[in-house]
Amino acid sequence: GKHANRNTLLLTKKNFKEGEFSFTQPGKTGEKDWLHINHVCYDVEFDQIMLSVNSFSEVIIVDRLNGKIIYRWGNPFVYKRGTQDDRQLFCQHSATFCKDSHGNRTFIVFNNGRLPDRAWTSVDEIHLPEIEEKTGNYIIDSQKKQYGPAKHSWRYGGSTGRANSWYDDHIGHCQRLNNGNTLITQGTLGMVIEVTKEKEEVWRYYLPVYRNGDDDSTVSFVMQSKHRPYGANSRLFMARKYELGYPAFKDRMLRAYRYIEA
């Protein structure tokens with residue numbers, strides 16, 4: 143995280159070779175946020191940990207027993223096995239282990255985008271390659287020496303100006319539901335949508351709370367049937383959907399109450 147990985151030594155030019163550059167940005171107090179791991183997911187079946195390393199624009203899988211990196215995807219330029227043209231992720235969030243409808247292992251990720259490289263956002267699903275029985279590592283492409291696959295297998299969100307396009311430059315979340323749909327938090331828009339595998343929108347929810355400008359003390363509300371004022375600051379880091387069979391709901395009476403904005 144940001145404050146746990148503060149290291150001002152990384153700010154000096156002598157730490158970088160000529161022609162190289164850092165993927166990270168200086169923080170407000172001068173620290174170098176060189177990892178910024180913004181999401182962690184554990185696969186109990188394979189005993190593996192998935193890390194979303196925002197600053198590197200990479201998703202990394204670690205063997206929990208030995209702590210070794212056994213897979214990385216999104217930006218092979220970071221580990222010197224590709225160029226900027228091979229980059230697939232851009233300051234992503236919410237990388238999560240999943241399985242497709244056939245039971246094959248995948249992961250989904252909220253691919254934010256970053257100017258000037260990519261001015262649009264998407265939610266991507268990536269199929270994980272097979273694991274080598276001898277080493278326990280995921281199989282690497284023998285020609286490019288990169289971890290596959292070459293691209294996503296499913297995507298919601300088009301490039302700028304296309305259908306379903308939007309741009310969340312720094313926050314957002316995605317969740318694969320048991321029914322196969324995907325819940326998407328469009329963070330800077332303050333909006334949550336659920337889409338099917340065919341990319342049809344099922345429903346949406348607008349965060350009713352917003353700020354007028356940057357003053358936290360000036361908070362307002364708007365009903366779901368009404369539009370928020372133009373320029374209203376309404377942001378949502380993440381939203382999760384819980385099925386009725388969620389263990390915490392057992393033996394509890396669930397009933398609707400009032401609206402948040404009531």
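Numbering (the working numbering), first residue to last: 143 to 404. The C-beta atom is built at its ideal place from N, Cα and C for all residues, glycine as well.
Run of the beta strand (DSSP E) containing residue i, from where it starts to where it stops
i           : result
residue 352 : 351–353
residue 204 : 200–205
residue 211 : 211–215
residue 269 : 264–269
Straight-line Cα distance separating residue j from residue i
i           : j           : result
residue 98  : residue 248 : Past the boundaries of the shown model lies residue 98; the chain is included only from 143 to 404, so the question cannot be answered.
residue 164 : residue 392 : Annotation note: pLDDT 48 at residue 164 (below 50); position unreliable, coordinate value reported separately. About 49 Å.
residue 191 : residue 398 : 36 Å
residue 260 : residue 225 : 16 Å
residue 87  : residue 236 : Because the chain in this structure spans residues 143 to 404, residue 87 falls outside the shown range and cannot be described.
residue 396 : residue 183 : 28 Å
residue 340 : residue 292 : 22 Å
residue 311 : residue 257 : 8 Å
residue 322 : residue 338 : 7 Å
residue 369 : residue 352 : 11 Å
residue 246 : residue 326 : 22 Å
Which residues DSSP lists as bridging residue i, in chain order
i           : result
residue 240 : 248
residue 337 : 324 and 343
residue 233 : DSSP output for residue 233 lists no bridge partner at all.
residue 182 : 193
residue 317 : 325
residue 362 : 352
residue 296 : 267
residue 282 : 289
residue 260 : 256
residue 375 : 353
Interface flag, residue i vs chain B, CB-CB below 8 Å
i           : result
residue 256 : Structure shown: chain B not included; a single protein chain is present.
Cβ separation of residue i and residue j, assumed to be a contact under 8 Å, to the nearest whole Å
i           : j           : result
residue 199 : residue 232 : 6 Å
Report yes or no: do three or more beta-carbon pairs, one from the region 196–214 and one from the region 274–281, lie closer than 8 Å? Because the criterion of three Cβ pairs below 8 Å is met, the region 196–214 and the region 274–281 touch.
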